[in-house]
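> Could you have a look at this structure, given as structure tokens, before my questions?
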């Protein structure tokens, strides 16, 4: 179970489908010998789109699961887990 | 035209197909209400895999196009372009 | 007021004093015409050290202020604020 | 020896002195128990300022040393070195 509401879920799925299409587009660019800088620009765009997806999930998680766990006096473990994820996110 | 050699091209396409599959996997995780932290871990993994793809293309570009342009005394413009891409890459 | 405990505060101050010294060291490297790549390696090291400082403050903040606010039913605003900081941190 | 011109050198030193002051400012914020989010905002600002410094040094290095080495048919090694620095920079 997670705490992503239905509207956000739909938004996330739309974004991920677009990202999937962009990744396929990069494959085509490589097969068609497109200019490296144009390929790189697309890679950067997809990474940015994925960051947005990650931040949206993080937001839902913190407002939802984390907040709930803290209210149930089980905050320590879930905050430690959040910090680990966040640290990886910044790499 | 770019300067990616055939072996690297094959490697890049394999990586991008795997990334495409991972992006589809994340969609499934969201549809199946998987735990946010597990979703986030996957998002971080895909961003890392895309970074590797980007660095590989950058490497080919610099060893290839950039080096060639510099030898033809047309280095300034292509280096400026490289710096712009690199700067975006670090965001 | 913040929620950084005394031991972490001491650790953070030690790290920041070391970072301050490293920044002065980079100035000296530039004045002494050191090799760019060695300068860049130092810049990367200092950025990494600052990331660690940031993650430590974030950890204290989340375990402290954020947890407390949530228990006092004032979680929404502080979590929004946390997300903004998170997002800037990943740029 | 590096290839940073005098004007850029002066600019870099000014930036680094400002960064040094900001790092001292963060120490003061911690000693004075300032709010964590304000401390984090400052940490993020200093990391951004250091990124700018790094990108400026990288620019000088690529336009200078790298370009020169390539013209002297010694490009391969210096490009490999550049890619390693690039890669660390994106972490």
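Residue numbers (my numbering), protein chains in the order written: chain C, 5 to 95; chain B, 5 to 95; chain Y, 5 to 95; chain G, 5 to 95. Quick reminder that beta carbons are idealized off the backbone N, C-alpha and C, glycines included. Keep in mind that this is a model prediction, so the values were computed, not measured.
Can you list, in chain order, the residues of the stretch 63 to 75 of chain Y whose Cβ is nearer than 7 Å to any Cβ on chain C?
Within the stretch 63 to 75 of chain Y, the residues whose Cβ lies closer than 7 Å to some Cβ of chain C are 63, 66, 67, 71, 74, 75, listed in chain order.
> Just how far apart, CA to CA, sit residue 40 of chain C and residue 24 of chain B?
As a first step, residue 40 of chain C is located in the first chain; it is residue number 36 there, counting from the start. As a first step, residue 24 of chain B is located in the second chain; it is residue number 20 there, counting from the start. Looking at the two C-alpha atoms, the distance is approximately 20 Å.
> Within the same chain, show all residues whose beta-carbon is closer than 8 Å to that of residue 79 of chain Y, passing over the 5 residues directly before and after it, in chain order.
Mapped onto the third chain, residue 79 of chain Y falls at position 75. Only 70, 73 meet the Cβ criterion.
> Is there a Cβ of chain C sitting closer than 9 Å to that of residue 95 of chain B, yes or no?
In the second chain, counting from the first residue as 1, residue 95 of chain B sits at position 91. For residue 95 of chain B, the answer is yes, since a Cβ of chain C falls inside 9 Å of its Cβ.
> Listed from N- to C-terminal order along the chain, which residues in the stretch 9 to 42 of chain Y have their beta-carbon within a distance smaller than 8 Å of any beta-carbon of chain G?
Residues of the stretch 9 to 42 of chain Y with a C-beta atom less than 8 Å from some C-beta of chain G are 13, 16, 17, 20, 21, 23, 24, 27, 28, 30, 31, 34, 35, 37, 38, 39, 40, 41, listed in chain order.
> Out of curiosity, what's the CA-to-CA distance linking residue 16 of chain B and residue 94 of chain Y?
Here residue 16 of chain B is taken as the residue at index 12 of the second chain, counted from 1. Here residue 94 of chain Y is taken as the residue at index 90 of the third chain, counted from 1. Here the alpha carbon of residue 16 of chain B sits roughly 26 Å from the alpha carbon of residue 94 of chain Y.
> Determine whether the beta carbon atoms of residue 50 of chain B and residue 30 of chain B lie at a separation below 9 Å.
Indexing the second chain from 1 puts residue 50 of chain B at position 46. Indexing the second chain from 1 puts residue 30 of chain B at position 26. It is a contact, given that the beta carbons lie within the stated cut-off.
> So the candidates are G:32, G:76, G:7, G:11; which of them puts its Cα closest to the Cα of residue 46 of chain G?
As a first step, residue 46 of chain G must be located in the fourth chain, where it is residue number 42. With distances taken between Cα atoms, residue 46 of chain G lies closest to G:32.
> Looking at chain C, is there any beta carbon in it that lies within less than 9 Å of the beta carbon of residue 54 of chain Y?
Along the third chain, read from residue 1 onward, the residue named residue 54 of chain Y stands at position 50. No, residue 54 of chain Y does not count as interfacial toward chain C.
> Does the Cβ of residue 61 of chain B have 16 or more other Cβ atoms within 10 Å, making it buried, or fewer, making it exposed?
For the purposes of this step, residue 61 of chain B is identified with residue 57 of the second chain, where counting begins at 1. Residue 61 of chain B comes out buried.
> With respect to the alpha helix (DSSP H) encompassing residue 84 of chain B, which residues constitute its N-terminal and C-terminal limits?
Taking the first residue of the second chain as position 1, residue 84 of chain B is located at position 80. Note, residue 84 of chain B: alpha helix (DSSP H), 79 to 93.
> Distance, Cα to Cα, residue 59 of chain G vs residue 88 of chain B?
The residue labelled residue 59 of chain G in the question sits at position 55 within the fourth chain. The residue labelled residue 88 of chain B in the question sits at position 84 within the second chain. Residue 59 of chain G and residue 88 of chain B have their C-alpha atoms roughly 10 Å apart.
> Determine whether the Cβ of residue 7 of chain C lies closer than 9 Å to any Cβ atom of chain Y.
Counting from one through the first chain, the residue named residue 7 of chain C turns up at place 3. Closer than 9 Å: no.
> Please list, in chain order, the residues of the stretch 78 to 90 of chain Y that have any C-beta partner in chain G closer than 7 Å.
85, 89
> Using CA coordinates, which residue listed in C:21, C:12, C:63, C:55 is at the minimum distance from residue 81 of chain Y?
Translated into the one-based positions of the third chain, residue 81 of chain Y becomes position 77. Selected option, being the one with the closest Cα: C:63.
> Is there a Cβ from chain Y that is less than 9 Å from the Cβ of residue 44 of chain C?
Numbered from 1 along the first chain, position 40 holds the residue referred to as residue 44 of chain C. No, residue 44 of chain C does not count as interfacial toward chain Y.
> Does DSSP put residue 36 of chain Y in a helix, a strand or coil?
Here residue 36 of chain Y refers to the residue found at position 32 when the third chain is read from its first residue. Residue 36 of chain Y falls in the coil class under three-state DSSP.
> How many Å lie between residue 90 of chain C and residue 27 of chain B at the Cα?
One-based indexing of the first chain puts residue 90 of chain C at position 86. One-based indexing of the second chain puts residue 27 of chain B at position 23. C-alpha of residue 90 of chain C to C-alpha of residue 27 of chain B: approximately 20 Å in a straight line.
> Need the endpoints of the alpha helix (DSSP H) that residue 74 of chain B sits in, please.
Counted from its first residue, the second chain places residue 74 of chain B at position 70. Unbroken alpha helix (DSSP H) run through residue 74 of chain B: 71 to 75.
> Taking the beta carbon of residue 6 of chain C as the centre, do at least 16 other beta carbons fall within 10 Å, making it buried, or is it exposed?
For this step, residue 6 of chain C is matched to residue 2 along the first chain. Around the C-beta of residue 6 of chain C, 16 or more other C-beta atoms lie within 10 Å, and the residue is accordingly described as buried.
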